């Protein structure tokens, strides 16, 4: 069997990695697996913008009246998120 050109192998590996990353993105984007690639990428962009806005809202002091109007420290938020993600992962809710 002839050895494939290293450039062809590199291109094949690149395509496989891109496909793998796109599948992962499809799983992360709401309804990403139910639409074509371009629509899924548009949904991903929209979803990331939505998440960025949520982060801004959560970082505002006005969002936290129960804490005296002060947003928690980033380290507190990270600890809480890690606990939530760990719990969800243990219950099999995350891949």
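Residue numbers (UniProt numbering): 1 to 95. Backbone N, C-alpha and C define an ideal beta-carbon position, used for all residues, glycine too. The structure presented is a predicted model; accordingly, all values stated were derived computationally and were not measured.
Fill in: Simplified DSSP state of residue 17, which is helix, strand or coil
Locating residue 17 in the chain shown gives position 17, where the first residue counts as 1. Residue 17 falls in the helix class under three-state DSSP.
Item to complete: Run the CB neighbour count on residue 29, radius 10 Å, all protein chains shown included, and call it buried at 16 or more, exposed below.
Response: Translated into positions along the chain shown, residue 29 becomes position 29. So residue 29 counts as buried.
Discussion item. In whole angstroms, give me the CA-to-CA distance for residue 18 and residue 5.
Written reply: Numbered from 1 along the chain shown, position 18 holds the residue referred to as residue 18. Numbered from 1 along the chain shown, position 5 holds the residue referred to as residue 5. In a straight line, the C-alpha of residue 18 is about 20 Å away from that of residue 5.
Item to complete: Hey, could you find the ends of the alpha helix (DSSP H) residue 57 is sitting in?
Response: Translated into positions along the chain shown, residue 57 becomes position 57. Segment 37 to 59, the alpha helix (DSSP H) holding residue 57.
Practice prompt. Look up residue 29 in the DSSP assignment and say whether it is helix, strand or coil.
Written response: Translated into the one-based positions of the chain shown, residue 29 becomes position 29. DSSP places residue 29 in coil when its eight states are reduced to three.
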